[in-house]
Structure formats: structure tokens, C-alpha cells
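Residue numbers (our numbering): -4 to 194. Reading through the C-alpha cells given below for one structure.
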Amino acid sequence: MAKSEKGKGDDKAKASGETEVRICSLATTVNECIIMLEEVVGNRVLPIWIGISEGQAIAIRFSGIVLPRPLTHDLLLSCVKQLDFEVKKIVVSDIKENTFYARVHVGDGRREEVLDSRPSDAIAIAVRAGCPMFVDESVFARCQTLTKPITEDEVVKFKEDLKNIRPEDIFKDLRKENEGKPPARDPKKPKGDKGEDAP
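Spelled out as C-alpha cells, the structure:
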């Protein structure tokens, strides 16, 4: 599991509205995987649905299996190192139309570059690079999150929640934001008599 050194980058992360997370669970169903990201300091858990192959790319890092040839994420990390860069951190940075977005931050000590990424690929890179992982607070605010169990009863409830949770549940708050908002009007379309879009 990718973990940062205690306190490393914490001040910068807080200033930028990012919360450090780590993988607490990787559950597999017939058609997909659910990766659970928990706060390092806090009790929120963010579920992210990813594909089976993406889940395997993350899980294999912890399995102890040594593959004879590098996977895509291994190759990318090797390229980064060959260019004298290192992966500084990854951030689950946004959610748009029920799709999570992520960024991979790489640097060489003099400059830093930010690469657009899917969260699954960013996390697969992070567990190989051993860099910290973060979630932007705007993502936490717009998604329904779970709460880490503390007592035995909460553990039982947490397991039941995992069985019943669906992808659409995570985005329900996002949908609420858009309820009541008028659809964006095409500026090329003329308005009707009552201010409605003309057909």
C-alpha cells in the first residue's frame, strides 16, 4: 500500500484543499472492482468503481507475484525514472458527469509537470512509486462517502453497506446539485415567446 512519510506534503495538501488517503479495500464483483480510499487522518471512505483489469493491476502490486514482463504502469514508471523525474503524488481531482478524474504529479526537483489520468491508472502508478495519494475536498463534498467503522456493530453495518451500495448512490448528491437548474441554452437557438428554447 502506498503511504507517504508522516507529515510529508501535509501542509501543501491542506493549503490546496487536498486530503491524503490510502487504499483500505479492493473488492471484486463479476464485472468490476470497487476500490476504497480512506482518509489517513479522518473517517471518510470514498468508493471508486474501476474495471477488472485495472483492479488487477493494482492488486498484483500487493500479491507478491513477480511478472516476467512489465505491465503498462511499470513501463510508464520506468520512463519517468529514465527522464530523471519521480512521481511526487497523485490526486483524485474532480468528478464530472459521474466520472472521476485524477492527476499524476511528476517532478525533477526543479520543475513539476501534471499529467491527466484516470484514477485507476493514477493509483496503480502510486502503489508502484510509493508516493502519497490525495482526494480533492471538492470530490468528497460532491459524493456520498462511507464512514470507517470503529465499533464491532459499525463493522457489521459497514460490511452491509458495501454489499448494498451502487454506483448511482455515490453520485446522488451530484445529481441534486443539478436539479432545478435550467438546461444550458444553445446560443445559436432563438428564444421562444415565453423565454423557452424554440424547437
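Ideal Cβ positions, reconstructed from N, Cα and C, are used throughout, including at glycine. Just so we're clear, the structure is a prediction, and the values are computed from it rather than from any experiment.
| task | Identify whether residue 14 lies in helix, strand or coil by the three-state DSSP scheme. | result | Note: residue 14 maps to strand in three-state DSSP.
| How far does the alpha helix (DSSP H) with residue 206 in it reach, from first residue to last? | Since the first and last residues shown for the chain are -4 and 194, residue 206 lies out of range.
| When you compare only the Cα positions, how much space is there between residue 126 and residue 81? | 9 Å
| query | CB-CB under 8 Å to residue 56, same chain, minus the five flanking residues each way: which ones, in chain order? | reply | 119, 122 and 123
| query | Contact between the stretch 126 to 135 and the stretch 9 to 25: three or more CB pairs below 8 Å? | reply | yes
| query | From this set, 44, 43, 17 and 30, which residue's C-alpha is nearest residue 37's C-alpha? | reply | Nearest of 44, 43, 17 and 30 to residue 37, Cα basis: 17.
| message | Tell me the residue span of the beta strand (DSSP E) that contains residue 280. | response | Residue numbering for the chain in the displayed model covers -4 to 194; residue 280 lies beyond these limits and cannot be assessed.
| Own chain residues within Cβ distance below 7 Å of residue 104, not counting five before or after | Closer than 7 Å at the Cβ level, and outside the excluded window around residue 104, lies no residue.
| field | Other residues of its chain near residue 68: CB distance less than 8 Å, five sequence neighbours each side excluded | value | 52, 116, 119, 120 and 123
| Cα-Cα separation between residue 25 and residue 47, rounded to whole angstroms | 8 Å
| request: With a 10 Å radius around its C-beta and 16 neighbouring C-beta atoms as the bar for buried, classify residue 62 as buried or exposed. | output: With fewer than 16 other Cβ atoms within 10 Å, it is exposed.
| request: State the DSSP-derived secondary structure class of residue 103, mapped to helix, strand or coil. | output: Three-state DSSP puts residue 103 in coil, outside helix and strand.
| Do you know offhand how far residue 33's Cα is from residue 85's? | C-alpha separation (whole angstroms): 15 Å.
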